[in-house]
Amino acid sequence: MDTEFQWRHKHLIGLAELSRQEIEFILDTAKGFEEFSTRSVKKAPTLRGKVVVNMFFEDSTRTRNSFTLAANRLSADVIEFTKTSSSVNKGETLIDTARNLEAMGVDIVVIRHSAGGAPKLLTRSIKACVVNAGDGYHEHPTQALLDAYTIRQAKGSLDGLTVGIVGDIAHSRVARSNIYAMNKLGAKVIVVGPPTLMPAKIAQLGVRVSHNLDEVIEELDVINMLRIQFERMGGNMFPSVREYSHFFGLTLERMKRAKKDILVMHPGPINRGVEIESEVADGPNSVILQQVSNGVAVRMAVLFLVNQAAAVHN
Amino acid sequence: MMKKLLTADQIEQALNKMLLDIIKDIPQDGSFAIVGIRSRGEVLAKRLCSTIEGKTGRKVLCGTLDITLYRDDLNAPKGKHQPRVQATEIEFDVDDKFILLVDDVLQTGRSVRAALDALTDMGRPKTIRLAVLVDRGHHELPIHADYVGVRAEAPAGQSVKVYLMECDNRDEVVIE
């Protein structure tokens, strides 16, 4: 079906700059890719002859494999690039690396980088499409899209829902992208965490701030438990892991006070027993593995759309 | 310039004429299924399905195919319309089925080519037959329909548009 709405972005950098209609368009497109994993041939020729490079300057298993699988299912060729086994170790800059890859005929660059703004920087120096797979503390748009997709799948719509994002808000690009997505799609967001892990001006993004999970748990339709990112925390952000999980962990005890149909989400990887108890992570309210499956469909949609936009505007 | 090709009654007659031939060919082993190409083909497939069910008294499998991902013009889009990906809804196994593929208009044959690729990616049907409401000629691929409602001569620059009650609030075929 041809529609009046046109997707115009050949890059996906963040959700802050997208409208509700554009976010919904990505989610609707992803719906078309959902049944792929149940087919006998899990592949369509859509991006045949296109080259996708996965430039990951930070560790990742889920996101990278998900992008690789998404690209493969659309028949694109994928180059895997990791920092440790590349000439970045010889001192090459990000832009030079990208330009060199582009000179080999790359069409889409999927990039994860520890510096916020790295994907945006790339869009100014190369012609290929750029998709942000997580940059610093800035954004992780495909994670928030798959979260929104998963909520929509379970609840029909995000309008009027109350979504709790719990944990290390300060170091989390997932939190930021999620706040943009949830707000734009009509949900109310409460961010929950200790003051040391809460950015000072976070309320300016249009969220309610709470430092007490017990105070808000009964209101939540969705609870998104962020991972405690030990690798990003230099200093002592909280007294002990045990204390953190006592106050902010999602335990069976706390689940008893939550709504019966609360959706339990986690972007992974899980620290079992820290931010979430195993019984909850594997329990009936958990959609954590559903999130992973949906991630592939959402990323197929993103790769498809940026390539379409590039085809139209070149 | 718009010219009316078929009225609502003539559409029904055309479908009924196709049905007579289709019913003769339906295998009796339960392997028959109908697949419509989104979106007008989907509507026609559903109509054919319920009529066949009424005439034979047997349940007929019916599904919908979205061919967007298999189009051959994705990297060279024409005009300002962007193709929109929607779900393929085929709830049954296509292996060893006798599949009646349904579309509204056969012109270049490129949609059918895409549909054949999409279908064979889902399994290995025993037979695939093609039914179209209007065959307007100007084929660009060696693809021909097995069941045709009407054949129409339309000049190259004009397109044959099918409007159906379920999605357009009226039954009508025009050349415009």
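As given, the protein sequences belong to chains A and B, one line each in that order.
So the first sequence is numbered by this note's numbering: it starts at 1 and just counts up by one.
So the second sequence is numbered by this note's numbering: it starts at 1001 and just counts up by one.
Just so you know, even glycine gets a beta-carbon here, dropped at the ideal spot from N, CA and C.
Keep in mind it's a predicted model, so treat the numbers as computed, not measured.
Residue i (DSSP reduced to helix, strand or coil)
i	result
A:Ile13	coil
B:Arg1170	coil
B:Gln1158	coil
A:Asn271	coil
B:Ile1022	helix
A:Ile276	strand
B:Tyr1163	strand
A:Glu58	coil
A:Tyr137	coil
A:Phe81	strand
B:Leu1061	strand
B:Leu1119	helix
A:Asn307	helix
B:Leu1006	strand
A:Glu347	As displayed, chain A neither begins before 1 nor continues past 314, which places residue 347 of chain A out of reach and without an answer.
B:Glu1089	strand
A:Arg319	This structure cannot speak to residue 319 of chain A, because chain A is shown only from 1 to 314.
A:Ser19	coil
A:Ile95	helix
B:Leu1074	coil
A:Arg208	strand
B:Ile1052	helix
B:Ile1037	strand
B:Thr1175	The question names Thr, but residue 1175 of chain B is Ile in the sequence shown. Note: B:Ile1175 maps to strand in three-state DSSP.
Contact set for residue i: own chain, Cβ-Cβ below 7 Å, skip 5 residues either direction
i	result
A:Asn271	Arg227, Ile228
B:Lys1003	Val1174, Ile1175
B:Thr1051	Leu1019
B:Ala1087	Asp1066
Residues sharing a beta bridge with residue i, DSSP
i	result
A:Lys188	A:Thr162
B:Phe1032	B:Phe1098
A:Met225	A:Val166
A:Asn132	A:Ile111
B:Arg1129	B:Leu1100
A:Met265	A:Asn224
B:Tyr1147	B:Ala1131
B:Leu1106	B:Asp1135
Residues that residue i contacts on chain A, provided the C-beta gap is smaller than 8 Å
i	result
B:Gln1107	Per Cβ cutoff of 8 Å: no residues; B:Gln1107 is ~15 Å from chain A at best.
Beta carbon proximity, residue i to chain A, threshold 8 Å
i	result
B:Ala1087	yes
B:Tyr1163	no
B:Met1122	yes
B:Asp1096	no
B:Asn1075	yes
Min CB distance residue i to chain B below 8 Å
i	result
A:Ser40	yes
A:Ala71	no
A:Thr29	yes
A:Phe304	yes
Amino acids of chain B, ordered along the chain, whose beta-carbon sits closer than 7 Å to that of residue i
i	result
A:Lys10	Simply none; closest approach about 13 Å.
Spatial neighbours of residue i in its chain, beta-carbon cut-off 6 Å, leaving aside the 5 residues before and after
i	result
A:Lys188	Thr162
B:Tyr1163	Arg1170, Glu1172
B:Met1001	none
A:Met1	Note that A:Met1 scores 46 on pLDDT, short of 50, meaning its location in the model is unreliable; the coordinates nonetheless yield the value given after this. Nothing meets the Cβ criterion.
A:Glu80	Asn54
A:Gln290	Thr150
A:Asp135	His113, Gly116, Ala118, Pro119
B:Val1160	Val1105, Val1134, Arg1136, Ala1154, Ile1175
B:Met1165	Asp1171
A:Arg366	As shown, chain A starts at 1 and ends at 314. That puts residue 366 of chain A outside it, with no answer to give.
A:Glu102	Ile126, Ala128
B:Thr1068	Pro1083, Val1085
B:His1138	Gln1107
Own chain residues within Cβ distance below 8 Å of residue i, not counting five before or after
i	result
A:Thr123	His11, Ile13, Val130
A:Gly206	Ile179, Asn183, Val189
Amino acids of chain A, ordered along the chain, whose beta-carbon sits closer than 7 Å to that of residue i
i	result
B:Leu1069	Ala44, Thr46
Listed by chain order, chain B residues near residue i by CB distance under 9 Å
i	result
A:Lys127	Within chain B, no residue comes near A:Lys127; the closest Cβ sits about 15 Å away, beyond 9 Å.
A:Gly32	Asp1066, Thr1068, Leu1069, Arg1084, Val1085, Gln1086, Ala1087, Thr1088
A:Glu35	Ala1087, Thr1088, Glu1089, Ile1090
Short CB-CB distance (under 8 Å) between residue i and chain C
i	result
B:Glu1042	In summary, chain C is missing from the structure at hand, where the protein chains are A and B.
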